[in-house]
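Each remark here refers to the structure printed beneath this line.
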Amino acid sequence: MDWPHDPDGEEGSEGGRKYGQAVIAKKIDEDEDFPLNKAAFVDEFGDDPIRLDYERVVSLADIFEHVEGEEFGDFVELHKAVGKAMRENGFWFYEGADKFVKGKKA
Numbered sequence: 002m003d004w005p006h007d008p009d010g011e012e013g014s015e016g017g018r019k020y021g022q023a024v025i026a027k028k029i030d031e032d033e034d035f036p037l038n039k040a041a042f043v044d045e046f047g048d049d050p051i052r053l054d055y056e057r058v059v060s061l062a063d064i065f066e067h068v069e070g071e072e073f074g075d076f077v078e079l080h081k082a083v084g085k086a087m088r089e090n091g092f093w094f095y096e097g098a099d100k101f102v103k104g105k106k107a
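Heads up: the sequence shown runs through residues 2 to 107, numbered per this note's numbering.
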């Protein structure tokens with residue numbers, strides 16, 4: 002896929018690599034973006050690259066395809082839903098993440 006910017010370039014990482022949820026969080030203004038509509042967020046940022054680890058980059062839309070819910074009232078609610086979707090669908094680099102999600106609600 003041709004990305005709108007290099008995920009490791011100046012615009013994508015501000016001089017250093019950031020991964021997964023850190024990249025997504027940089028796209029959100031906690032004071033102005035909530036309640037956040039998932040469809041509108043994906044329309045705006047869906048093609049943006051999200052680096053998962055040192056080898057894999059996917060689009061934001063690829064991750065949000067698995068995020069449950071259509072609207073989020075605050076950053077914590079969104080962060081939990083995104084984290085859950087990433088862990089349950091192979092977008093989480095941290096080994097052992099399954100220990101923290103089995104039997105727990107996000």
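Even glycine gets a Cβ: it sits at the ideal position worked out from N, Cα and C.
Cβ-Cβ distances below 6 angstroms link phenylalanine 65 to Val43 in the same chain, with the five nearest sequence neighbours on each side left out; the list follows chain order. Contact annotation, valine 24 with isoleucine 51: C-beta distance approximately 5 angstroms; criterion of less than 8 angstroms satisfied.
For valine 58, the pairing in a beta bridge is given by DSSP as Arg52. The three-state secondary structure of glutamate 66, taken from DSSP, is coil. Using a Cβ-Cβ distance cut-off of 8 angstroms, the stretch 55–62 and the stretch 31–38 are not in contact, since fewer than three pairs of beta carbons, one from each stretch, lie closer than that value.
In the three-state reduction of the DSSP assignment, glutamate 33 falls in the coil class.
Under the criterion of beta carbons closer than 8 angstroms, phenylalanine 73 and alanine 82 qualify as touching, at roughly 7 angstroms. Note: glutamate 72 is bridge-paired with Asn38 in the DSSP secondary-structure output. Between phenylalanine 76 and glutamate 45, the beta carbon gap of about 17 angstroms keeps them out of contact (Cβ cut-off 8 angstroms).
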